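Participant: Residue numbers (the numbering used here), protein chains in the order written: chain D, 7 to 327; chain B, 1123 to 1630.
Even for Gly, the Cβ is constructed at its ideal location relative to N, Cα and C.
Source: prediction; values computed, not measured.
Now the structure itself:
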């Protein structure tokens, strides 16, 4: 079987696994049956796409298909709660991001404790958000935008992807760091927010690289809220004078497992995901999606996660007071 | 441009494109026909296959799944009265009565023909008018959307078969159900009493299956002596004749236009198109009282409309790179993995490829008709199953379908609740359509209203009147349009519930 057709076969097998459910094999070695990966978000989003890429490669390294289960609802809390409640046997994983993982606990009451109920398997990559305006906008630089906001508090409209969502948190973090007030207008996802920007309903939005490139010269990028530059001529938030924004604003895509998972199984999973991150097809597909492949091991991310916990507590407190 | 179009046709004329598109259509029809499996899920699961195919093969494959899935939902709606998706709710109104009259084959044929024609005309229209459609779509921001939502709800409530006051009650009930759970703007919990399983609100699927399939089952158990389909040698009946199709041409044309226009407005979608087209067909008909008793126009109207939505929904994706719904979001993923970034740039750089994809939408309509025509005899055999087996099977499908959707046990309780509610509504001559419509549209209305208030920065009236002329026009048109719908269908409603004539059968 050629390389490509083998991939198709694996993908089709994963598809069949969803449709039929697979019988568990009574074997000692792990994994002995397909692994379910819960995504607490809807179909067609960037997490879904990332997961489709991961699951088309993972079987090669884990020996069993990984089946995506979408459980959207209540800002990601439904899927996360289901993963927290599942048996910690290594057959249920959660593919989520830091805003759901560490921020939700400060926004509402949760039926789980993110820090006690989950361990980190891996951070697969991160998505650097950028502030964009229309190309005919009077705001040429981040300073223009923030100065205008200081002059007229509440007048400038920031269209984002929904409260405590992927593009709201980065934008809010920047506004908080700059100490300015604006009108926040939620949209149902990043796409509609970009539409709102293009049609002139809002003054700026926050978007991820693939969305920005596809808009060509219709939008202008003012700043990237990450540690590394994404666009050659666009400064990072650190360079623009806000050094603490990037660590809160960047979206970290992470794979978690329910706490209590046997150590050998966690080790196997961590090794499998690490190998996946070096796979040529995986890297090629991610590149096409305009996603980076900046993998981080579970241990390393755990340290970062604890820091985020504190930053989000402060952010939510500042925004909701 | 002509060059690009000619080149695009060259790109498409490959056997593997047609084969994969056919495969996509068959998979789409089969998955769409299974209650609980939505077109979105089918596409998400099949998406990785397209990663490893060339763009002119992989994307037509997914377009096949999309079109097949939207059509496939009409099959269980007609045969057993389970709307597999919201888009086929209106199809159950006349589809199931036709099956009971022994004309399921005609109904399935009509659904197929209307779907294929509606889809084809709307797709051609999309290819020709892609520029203007993109411009109009940009005009629909939150205030316009809120106005359209309000208009849609009122039209459905005022053109229903039960008394207007009853319809309005159901409308309010639907709005209430829609508000349970997190509020869409501030993410605060409402009516949940701190009970976590209903934080995410009530899901549409258990409500639909409960309201439509369960009462049907209960009623057929009540009438246990009557066979499900009146006895005849061939319970599935004859195929559709050209003459019958021709009789529905006005209905199909109206629905196609309506569906196409609704498809242009981002965030409205197939469900609204189908229900609005059904209401419009009834209002325009010289014999509105026959709707709901099993007439072919009642199947043609929603089916042409829900498929006509498909073409225009691709416009924001192709011209702006912004997906209008989940399905086009998945298509966006397929494009991007192929190294194609939909958006203003793509047309300039890859015109032949984009035209090839647009043409594949048109070819898919033709293939849908051929494949559907071949598959219908197989599906129509369902009615030959004895009632003693069919009724339990329907229950099994209703419960399994509800559960597989998102593996939430709580959805099953809602299924039972809405099943009983639907049964009571049928017995008391309450039409449940306004409730479903309100349930689907209230979150959109609430969201867009909230956005409008934020955008207006507290001066909503001023904002709409001065800055939003289109929204103002829609709001001003709402009372006369609602009155018109009410006036045209007023004879259908029983003026005196106590001494009046026999009440008309409530639509299913």
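Taking residue 84 (chain D) as the query, report the chain B residues whose CB atoms sit under 9 Å from its CB, ordered along the chain.
Facilitator: The contacting residues are 1318, 1319, 1321, 1322, 1528, 1530.
Participant: How many Å lie between residue 1240 (chain B) and residue 1538 (chain B) at the Cα?
Facilitator: Taking the straight line from one Cα to the other gives about 35 Å.
Participant: Expressed to the nearest angstrom, what Euclidean distance is found between the alpha-carbon atoms of residue 1480 (chain B) and residue 1367 (chain B)?
Facilitator: Their Cα atoms are separated by approximately 27 Å.
Participant: Check whether the Cβ atoms of residue 182 (chain D) and residue 324 (chain D) lie closer than 8 Å to each other.
Facilitator: Result yes, Cβ atoms of residue 182 (chain D) and residue 324 (chain D) sit closer than 8 Å.
Participant: Please determine, among D:316, D:299, D:304, the residue with the shortest C-alpha to C-alpha distance to residue 56 (chain D).
Facilitator: It is D:299 whose Cα lies nearest to the Cα of residue 56 (chain D).
Participant: Identify every run of the beta strand (DSSP E) within the region 81 to 130 of chain D, keeping only runs that are complete inside it and at least 3 residues long; order them along the chain.
Facilitator: The qualifying runs are 98 to 103.
Participant: Expressed to the nearest angstrom, what Euclidean distance is found between the alpha-carbon atoms of residue 280 (chain D) and residue 301 (chain D)?
Facilitator: Going from the Cα of residue 280 (chain D) to the Cα of residue 301 (chain D) covers about 8 Å.
Participant: Can you find at least 3 beta carbon pairs, one from the region 1523 to 1537 of chain B and one from the region 1152 to 1165 of chain B, that sit closer than 8 Å?
Facilitator: These segments touch.
Participant: Which residues mark the beginning and the end of the alpha helix (DSSP H) in which residue 1415 (chain B) is found?
Facilitator: Taken as a continuous stretch (DSSP letters only), residue 1415 (chain B) belongs to no alpha helix (DSSP H), as it is neither H nor E.
Participant: At 9 Å on the CB atoms, spell out the chain D contacts of residue 1464 (chain B), in chain order.
Facilitator: Near residue 1464 (chain B) (Cβ distances below 9 Å), the residues of chain D are 220.
Participant: Which residues mark the beginning and the end of the alpha helix (DSSP H) in which residue 1485 (chain B) is found?
Facilitator: Here the alpha helix (DSSP H) through residue 1485 (chain B) covers 1473 to 1501.
Participant: Taking a Cβ distance cut-off of 8 Å, strictly less, list which residues of the region 117 to 130 of chain D are near chain B, in chain order.
Facilitator: Listed in sequence order: 117.
Participant: With 8 Å set as the bound, which would you pick, yes or no: does the beta-carbon of residue 1394 (chain B) sit closer than that to a beta-carbon of chain D?
Facilitator: Not an interface residue.
Participant: Closer than 8 Å is the cut-off here; do at least three beta carbon pairs connect the region 1448 to 1464 of chain B with the region 1163 to 1174 of chain B?
Facilitator: With a cut-off of 8 Å, the region 1163 to 1174 of chain B and the region 1448 to 1464 of chain B count as touching, because enough Cβ pairs lie within range.
Participant: Between residue 36 (chain D) and residue 194 (chain D), which are expected to be in contact by the criterion C-beta below 8 Å, what is the C-beta distance as a whole number of angstroms?
Facilitator: In fact, because the Cβ distance is near 40 Å, the residues do not count as touching under 8 Å.
Participant: With a threshold of 8 Å between beta-carbons, can residue 224 (chain D) be considered close to chain B, or not?
Facilitator: Closer than 8 Å: yes.
Participant: Taking the alpha carbon of residue 116 (chain D) as the point to measure from, which residue in D:65, D:84, D:137 has its own alpha carbon closest?
Facilitator: That would be D:84, whose Cα lies nearest to the Cα of residue 116 (chain D).
Participant: Which residues bound the beta strand (DSSP E) around residue 293 (chain D)?
Facilitator: First-last for residue 293 (chain D): 286 to 294, but that is the alpha helix (DSSP H), not the beta strand (DSSP E).
Participant: When you compare the CB of residue 169 (chain D) with every CB in chain B, is at least one pair closer than 8 Å?
Facilitator: Yes, its Cβ sits closer than 8 Å to a Cβ of chain B.
Participant: Is the CB of residue 1188 (chain B) under 8 Å away from at least one CB in chain D?
Facilitator: No, because no Cβ of chain D sits closer than 8 Å to the Cβ of residue 1188 (chain B).
Participant: Can you tell me whether residue 1229 (chain B) is buried or exposed, with buried defined as 16 or more other CB within 10 angstroms of its CB?
Facilitator: Per the 10 Å Cβ criterion, buried.
Participant: For the region 54 to 73 of chain D, which residues have a beta carbon sitting closer than 8 Å to at least one beta carbon of chain E?
Facilitator: This model lacks chain E altogether; the protein chains it does include are D and B.
Participant: Kindly say whether residue 30 (chain D), judged by its beta-carbon, lies nearer than 8 Å to any beta-carbon of chain B.
Facilitator: With a pLDDT of only 42 at residue 30 (chain D), under 50, the local geometry of the prediction cannot be trusted, and no value is derived from it.
Participant: For the structure I just gave you, are there three or more beta carbon pairs, one from the region 1409 to 1416 of chain B and one from the region 1211 to 1219 of chain B, closer than 8 Å?
Facilitator: Yes, since at least three Cβ pairs between the region 1409 to 1416 of chain B and the region 1211 to 1219 of chain B fall closer than 8 Å, the two stretches touch.
Participant: Use the C-beta contact count for residue 1529 (chain B): other C-beta atoms within 10 angstroms, 16 or more gives buried, fewer gives exposed.
Facilitator: With fewer than 16 other Cβ atoms within 10 Å, it is exposed.
Participant: From what residue to what residue does the beta strand (DSSP E) around residue 1561 (chain B) run?
Facilitator: Premise fails: residue 1561 (chain B) lies in the alpha helix (DSSP H), 1555 to 1578, not in any beta strand (DSSP E).
Participant: By alpha-carbon positions, which one of B:1390, B:1269, B:1178, B:1227 ends up nearest to residue 1506 (chain B)?
Facilitator: With distances taken between Cα atoms, residue 1506 (chain B) lies closest to B:1227.
Participant: Anything in the region 1166 to 1191 of chain B with a Cβ closer than 7 Å to a Cβ of chain D? List those residues in chain order, please.
Facilitator: Cβ contacts with chain D come from 1166, 1167, 1168, 1169, 1170, 1171, 1173, 1174.
Participant: Between which two residues does the alpha helix (DSSP H) containing residue 1309 (chain B) stretch?
Facilitator: Here residue 1309 (chain B) belongs to no alpha helix (DSSP H), and DSSP marks it neither H nor E.
Participant: On the three-state DSSP scale, how would you describe residue 1581 (chain B)?
Facilitator: Residue 1581 (chain B) falls in the coil class under three-state DSSP.
Participant: For the beta strand (DSSP E) holding residue 165 (chain D), just list the boundary residues, first then last.
Facilitator: Counting along the chain, the beta strand (DSSP E) containing residue 165 (chain D) begins and ends at 163 to 166.
Participant: If you drop the 5 nearest sequence neighbours on each side, which residues of the same chain put their C-beta closer than 6 Å to that of residue 261 (chain D)?
Facilitator: Once the five neighbours on either side are set aside, the close Cβ partners of residue 261 (chain D) are 99, 101, 127, 128.
Participant: Is the beta carbon of residue 1275 (chain B) less than 8 Å from the beta carbon of residue 1570 (chain B)?
Facilitator: No, the Cβ-Cβ distance between residue 1275 (chain B) and residue 1570 (chain B) is not below 8 Å.
Participant: Note down, in chain order, every chain B residue with its Cβ under 8 Å from the Cβ of residue 81 (chain D).
Facilitator: The answer, in chain order, is 1304, 1309.
Participant: Can you tell me whether residue 1190 (chain B) is buried or exposed, with buried defined as 16 or more other CB within 10 angstroms of its CB?
Facilitator: Residue 1190 (chain B) is buried by the Cβ-count criterion.
Participant: To the nearest angstrom, how far is the alpha carbon of residue 328 (chain D) from that of residue 1421 (chain B)?
Facilitator: The first residue shown for chain D is 7 and the last is 327, placing residue 328 (chain D) beyond what the model contains.
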